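I have placed the structure first, in the form of structure tokens, so that the comments after it can refer back to it.
2 protein chains.
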Amino acid sequence: MTDTTENTHVATDLETAMTDAAAAAPALAASLPADRAAWLRAIADRLDADADSLVELAVRESHLTGPRLSGELVRTTFQLRLFARLVEEGRYLEATIDHADPDWPMGARPDLRRMLRPLGPAAVYAASNFPFAFSVAGGDTAAAIAAGAPVVVKAHPAHPELSRAVARHVQAALEASDAPRGVFALVEGHETGRELVLDPRLTVATFTGSLTGGRALFDLAASRPVPIPFYGELGSVNPVFVTRAAAEARAQEIADGFAASMTLGVGQFCTKPGVLLVPDGSELGERVAAAVAGASGGTMLYDAIRDGYFASLAPLAERSDVELLAGSPEPADTPTPTLYGTDAATFAAHIDELLEEHFGPAALLVRYRSDAELLEVARALDGQLTATIHGEESDAADGPAARLAEVLADKAGRVLWNGWPTGVSVTYAQQHGGPYPATTAPHFTSVGTASIGRFLRPVAYQDTPDALLPPALQEANPWRIPRLVDGELVLPA
Amino acid sequence: MTDTTENTHVATDLETAMTDAAAAAPALAASLPADRAAWLRAIADRLDADADSLVELAVRESHLTGPRLSGELVRTTFQLRLFARLVEEGRYLEATIDHADPDWPMGARPDLRRMLRPLGPAAVYAASNFPFAFSVAGGDTAAAIAAGAPVVVKAHPAHPELSRAVARHVQAALEASDAPRGVFALVEGHETGRELVLDPRLTVATFTGSLTGGRALFDLAASRPVPIPFYGELGSVNPVFVTRAAAEARAQEIADGFAASMTLGVGQFCTKPGVLLVPDGSELGERVAAAVAGASGGTMLYDAIRDGYFASLAPLAERSDVELLAGSPEPADTPTPTLYGTDAATFAAHIDELLEEHFGPAALLVRYRSDAELLEVARALDGQLTATIHGEESDAADGPAARLAEVLADKAGRVLWNGWPTGVSVTYAQQHGGPYPATTAPHFTSVGTASIGRFLRPVAYQDTPDALLPPALQEANPWRIPRLVDGELVLPA
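Protein chains in written order, with the numbering used here: chain A, 487 to 979; chain B, 487 to 979.
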């Protein structure tokens, strides 16, 4: 069904994309949630209908497996439909009404009504490692359209034909459901990506990728005459802390789980567990090394990713205080899973170098001697997307887990118990983000329904007649949405 | 009661302030909302008890009137108590629970629970024009302490003794209510302000002041190895649009209201209406000029503010396409209210220069010929804190007001109908913020309960046992707070 020869013209030049996006912004800001929900569902339906050939194309361009990519497409279309439901429910508008009150203690207050409205044209920088879910019709695009912000997607060069095929479906779906021109555009090219973030019509940008690339775009966004928010998800080593009790009770299970998580998708996840803290003297270290040695490697997404992966391992290989426990840092077409080891004192002393992300199937095993040392390592971390504790019930009650959980909540966006960080479910409570360098902006998530907030800003109306108010703020609550009225949550009857 | 001789040592050096703040952060993150509420109320009580001498000191240092400053202190202590109530209610935590669901359409989901937690040490840059409400114990400090973030206030040099007196009350209140050391500190000095935003232990900064000063600090915040969010409220001209129908129906009322609002506090409000759009050929223009000519000036906050005000008027005085309608741009100790006039075509053609903020009692009257021209001016605006429409019922139904309200909601944080932008009530629905240059970050407000969000970030817990969860996320809801559970809002019974 996908005809790639027709896709070559789906990408547009930046000037056209931004002119159309800016022109569409007011209509989109005034559009009905039900209409935007219909557009999102139409996109999902078209992608699902063409799943087989899209997955085939994705396999060819990304070297990821068919089942993995099929699952990712399911996630992607689910995500589009979840945002459709979210905008219909209307809670995301955070509608808040304070009626005029002559007795307000600081002095008479006027009638004030506040809600969120779209920022305006949004740039979405696609990632290479999720060709569907963090790319052309991925979470950022879904959240932006749901919010009512026109989207200009900068395609990732690692899957150009898939990007065009998906963009063609998005445009066809939007056209078929009578969306205004300019809701969505695809642009290509590295230099175009730089120009995009500097375009004066742009109001917000989202990015998933490397620390270097993301920081460069963040710096450009902040340097503009009119700075704009830049939501970059940059990198993370996702440390996993295994308590002594857990290492004794479940060594093999933990070793197998860790090896599976760190080698999933050839280690090309931003949530790949890159550091594993294990108690000194337990068998867990050897079992992990054996499990990693027994795991499979694979072809990486594209050559530059593979070269960057091996380049990042070189400094490790040269260190005398770090030993190779499994695999190899020698450049090869298909990297084999690789494990290094060191002790907690060395790790803490050289944390700046040893906490570097290796984007691929490599990790560092760190042996600790005491719970105090475990906590010390946790406190020395920089910002992380995730941090995981493997523990037993006894740890939660009076072992190290309670203090560890407190410290890790201060370092990471998501804290896991007895699980693995790869696999980021799309839900209401999900948080995919964390202090820098995990992300450039700590207040938001890039996965889950709360990610819509990145494309919105609050506006208050003072003493404004119903006829001039958006429906979400009109006295009769015509959209029947939950609202905060005079400080109390009011649910529609 | 205020003994200013004892206040000279209340300010501390930056290193002590940041060391204490960083040390206090974990305890503060784990503190009970009820405790933080008690601290805030203790601060409010001490300030209220010393109101007379604090206001006297404020009059001496700011040249604002006693009644104005008494009112501002009432607002300030109300604000502290409102935040106390907010944290007790717990809604601000945005607690969200998704139970594990094997049938979640994108694949089985784990148990995920998300809430907001404090960022860490916060810098608050005090403003000169609200010596109480946007200074040492003002809204930013109240919101940060409510959130659980330690605060380091950079005092404004325009009211040094008042800053110290208030800081002494804050510290005494915190000590008396057993708050951890490090919750609050006062630092002084311009260079200290630069060092503060660059301190690696700082996680967030808020600022109210000039575009130049705020942008310089924003640039420093973005340039850090670890960038931090910088919430600067910088400047605004707060345009007011008068429809033809309103000008005909209520010329004198509008003229008097405008003159009163633009000269309130000697025009030293970030919400001062600085541009008034009036229909050509109506009497309104002359009546506004007469009302401004009849209004009183006064001594400004400090010399540099006065000098900056007159310097900003100089380019206006030199223009041949702008005429002086009332007052004078000649430097004087106490500026007289000053009004310039031009037409909408000139205004639109030179909007970059004519939209400059004049911080003091000056404004620009702009005559428009048609509703189309009125809308054109609205579309040409940059980001504003507020935008106001004065209209009649007929305008709301089928006149220009509906389209104007749409355009202005895209430009400003607060849209007013038949009111004046000065006077920013502290409520749940208030929005004090807007697109750049009104603020450096469009997502948040610096007035009202929602301003607490600037000091918080989300954290999710995956499959975590109740014993390790914060109370707000435990299954039994021990704090009895509103939560979003499996996508549905659940209010405590």
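The beta carbon of each residue, even a glycine, is placed where N, CA and C say it ideally should be.
The structure displayed is predicted, hence computed values, not measured ones.
For this session: Report the neighbours of A:R595 on chain B: residues whose CB is nearer than 7 Å to its CB, in chain order.
Result: Those within 7 Å of A:R595 in chain B are S911 and T913.
Problem set entry | Exposure label - B:P588; buried when at least 16 CB within 10 Å | Exposed, by the Cβ-count rule.
Exercise. If you measure from the beta carbon of B:P512 to each beta carbon in chain A, is any gap under 8 Å?
Worked result: Put simply, the CB of B:P512 is near chain A, with a gap under 8 Å to one of its CB atoms.
Exercise. Sorted by chain position, which residues of the same chain lie with C-beta nearer than 7 Å to A:D949's C-beta, five sequence neighbours on each side aside?
Worked result: Here the set comprises P596 and D597.
For this session: Go to B:Q657, then tell me how far its beta strand (DSSP E) extends in each direction, as first and last residue.
Result: Counting along the chain, B:Q657 sits inside no beta strand (DSSP E); it lies in the alpha helix (DSSP H) bounded by residues P646 to A662.
Problem set entry | Own chain, CB closer than 6 Å to A:A530, minus 5 neighbours either side, in chain order | For A:A530, where only same-chain residues beyond five positions count, the Cβ hits under 6 Å are T563, L566 and R567.
Exercise. Over what stretch of residues does the beta strand (DSSP E) that includes B:E580 continue unbroken?
Worked result: For B:E580, there is no enclosing beta strand (DSSP E), since its DSSP letter is neither H nor E.
Exercise. Taking the alpha-carbon positions, what's the A:P980 to B:D857 distance?
Worked result: Not covered by the structure: residue 980 of chain A. The range shown for chain A is 487 to 979.
Exercise. Going along chain A, which residues have a C-beta under 8 Å from B:N615?
Worked result: Within chain A, no residue comes near B:N615; the closest Cβ sits about 18 Å away, beyond 8 Å.
For this session: Can you give me, in chain order, the residues of the stretch 917-930 of chain A that have a beta carbon less than 9 Å from any beta carbon in chain B?
Result: The residues in question are Q917, H918, G919, G920, P921, Y922, P923, T926, A927, P928, H929 and F930.
For this session: Compare the beta carbon distance of B:V683 and B:T874 with 8 Å and say whether it is the shorter of the two.
Result: Going by C-beta atoms, B:V683 is not nearer than 8 Å to B:T874.
Exercise. Counting Cβ pairs, one atom from each stretch, are 3 or more of them under 8 Å apart for the stretch 704-724 of chain A and the stretch 918-935 of chain B?
Worked result: Yes, the stretch 704-724 of chain A touches the stretch 918-935 of chain B.
Problem set entry | CB contact below 8 Å: A:Q948 versus chain B | Cβ-Cβ to chain B under 8 Å: yes for A:Q948.
Exercise. Should A:H645 be labelled buried (16 or more other beta-carbon atoms within 10 Å of its own) or exposed?
Worked result: Around the Cβ of A:H645, a 10 Å sphere holds 16 or more other Cβ atoms; the residue is buried.
Exercise. Using DSSP with H/G/I as helix, E/B as strand and the rest coil, what is A:E843?
Worked result: If DSSP states are grouped into helix, strand and coil, A:E843 belongs with coil.
Exercise. When you compare only the Cα positions, how much space is there between B:A781 and A:S937?
Worked result: Just so you know, the alpha carbons of B:A781 and A:S937 end up roughly 49 Å apart.
Exercise. To which residues of the same chain is B:A735 closer than 8 Å at the C-beta, ignoring the five residues directly before and after it?
Worked result: Around B:A735: E878.
Exercise. What residues of chain B sit near A:W590, judged by a beta carbon separation below 8 Å?
Worked result: Per Cβ cutoff of 8 Å: S911 and T913.
Exercise. Distance, Cα to Cα, B:K897 vs B:L672?
Worked result: The alpha-carbon atoms of B:K897 and B:L672 are separated by roughly 35 Å.
Exercise. Is B:A979 buried or exposed, if buried means 16 or more other CB atoms sit within 10 Å of its CB?
Worked result: B:A979 comes out exposed.
For this session: Run the CB neighbour count on A:T820, radius 10 Å, all protein chains shown included, and call it buried at 16 or more, exposed below.
Result: When all chains shown are included, A:T820 counts as exposed.
Exercise. Are the stretch 635-642 of chain B and the stretch 618-627 of chain B touching, with three or more C-beta to C-beta distances below 8 Å?
Worked result: Output reads yes: the stretch 618-627 of chain B touches the stretch 635-642 of chain B.
Exercise. Once you ignore the five residues that flank B:P928 on each side, which residues in its own chain have a CB closer than 6 Å to its CB?
Worked result: Excluding residues within five positions, the ones whose Cβ falls inside 6 Å are P921.
Exercise. What whole-angstrom Cβ distance do B:Q917 and A:P944 have, given they're in contact under 8 Å?
Worked result: Rounded, the Cβ-Cβ distance is 5 Å, consistent with contact.
For this session: Kindly list the residues whose CB is nearer than 7 Å to the CB of A:T505, restricted to its own chain and excluding five residues on each side of it in sequence; keep chain order.
Result: In its own chain, leaving out the 5 sequence neighbours on each side, no residue places its CB closer than 7 Å to the CB of A:T505.
For this session: List the whole-angstrom C-beta distance separating A:A962 from A:R599, where the pair is believed to meet the contact cut-off of C-beta under 8 Å.
Result: No, A:A962 and A:R599 are not in contact; Cβ-Cβ is about 13 Å, not under 8 Å.
Problem set entry | Close Cβ partners of B:P434 (< 6 Å) along its chain, the five nearest in sequence each way excluded | Lying outside 487 to 979, the shown extent of chain B, residue 434 of chain B is not represented and no answer is given.
For this session: Determine the DSSP secondary structure at A:A530, reduced to helix, strand or coil.
Result: In the structure shown, A:A530 sits in a helix (DSSP, three-state: H, G or I).
Exercise. What residues of chain A sit near B:N904, judged by a beta carbon separation below 8 Å?
Worked result: Chain-ordered, the chain A residues with CB closer than 8 Å to the CB of B:N904 read D949.
Exercise. Below 8 Å between beta carbons: does that hold for A:G784 and A:V761?
Worked result: Contact: no.
Exercise. Are the C-beta of B:A887 and some C-beta of chain C separated by less than 8 Å?
Worked result: Absent here is chain C; the protein component of the structure consists of chains A and B.
For this session: Identify the continuous beta strand (DSSP E) that holds B:Y947 and give its terminal residues.
Result: Counting along the chain, the beta strand (DSSP E) containing B:Y947 begins and ends at L942 to Q948.
For this session: Inspect the beta-carbon positions of A:A733 and A:P759 and report whether they are closer than 8 Å.
Result: No, the pair does not count as a contact, with Cβ atoms beyond the cut-off.
Exercise. Nearest to A:F845 by alpha carbon, out of A:P512, A:E674, A:G794 and A:A864?
Worked result: Closest option to A:F845, judged by alpha-carbon separation, among A:P512, A:E674, A:G794 and A:A864: A:G794.
For this session: Determine the DSSP secondary structure at B:D789, reduced to helix, strand or coil.
Result: B:D789 falls in the helix class under three-state DSSP.
For this session: Kindly list the residues whose CB is nearer than 7 Å to the CB of A:P801, restricted to its own chain and excluding five residues on each side of it in sequence; keep chain order.
Result: Non-local C-beta neighbours of A:P801 in its own chain, meaning closer than 7 Å and more than five positions away in sequence, comprise E839, ordered along the chain.
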